[in-house]
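Encoded as structure tokens, the structure appears first; notes follow it.
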Amino acid sequence: MAKTNLSDTEQVDRHLESIEPISRATVDYLRTLFLNTDDEISEHVKWNSIAFYFNGQMAEFDAKEYKRDLAVINLHRSKILIVFPTGNKIDDAVGLKGKNYPDGRKIVEILNIAEAQALSEKLQTGIKDWLSKVERY
């Protein structure tokens, strides 16, 4: 049987099918929020999770710096973690609460869709702030 190559969006759709319904509603909401924030954001499955990345032209960089990777939605026990691999770029004045790590990550924890909705404006502002700092060419 021939292997079918799925588009990034189809891979994300398939990955979503494996998520339990309660978490899926929140992940669907976050997915829509990320993708509707800017046309330069795309999605794919990375690290066995739904991930969002900058799809525009960038200056050259070391792949281990994760400069193209905006965020990963990670399901951890009963929590949804939004991991921003280079989240330390997001200005603290945005008010996006989360834990900052020495390696540059920022992790925002969400328990349910109500929390996601309450954070939506700050998330979008943080995403736009991150995009404004992408090294383009």
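Every letter in the sequence shown is one number past the one before it in UniProt numbering, and letter 129, counting from 1, is 129.
Beta carbons are placed, not taken as given, at the ideal position from N, Cα and C, and that holds for glycine.
Since the structure is predicted, the reported quantities are computational estimates derived from the model, not experimental observations.
Quick check: the Cα distance between A71 and F54, rounded to an integer number of angstroms? 10 Å
Please tell me whether I80 and I110 are closer than 9 Å, where the distance is taken between their beta carbons. yes
What residues in its chain sit with their C-beta under 7 Å from that of Q57, if we drop five residues either side in the sequence? R136 and Y137
Assign P21 to buried or exposed, taking buried as 16 or more other Cβ atoms, counted over all protein chains shown, within 10 Å of its Cβ. exposed
Can you check whether the CB of I82 is closer than 9 Å to the CB of I41? no
Please state whether DSSP places R14 in a helix, a strand or coil. helix
Roughly how many angstroms separate the alpha carbons of F84 and G126, rounded to a whole number? 10 Å
Can you name the residues that DSSP bridges to F34? According to DSSP, F34 bridges with nothing at all.
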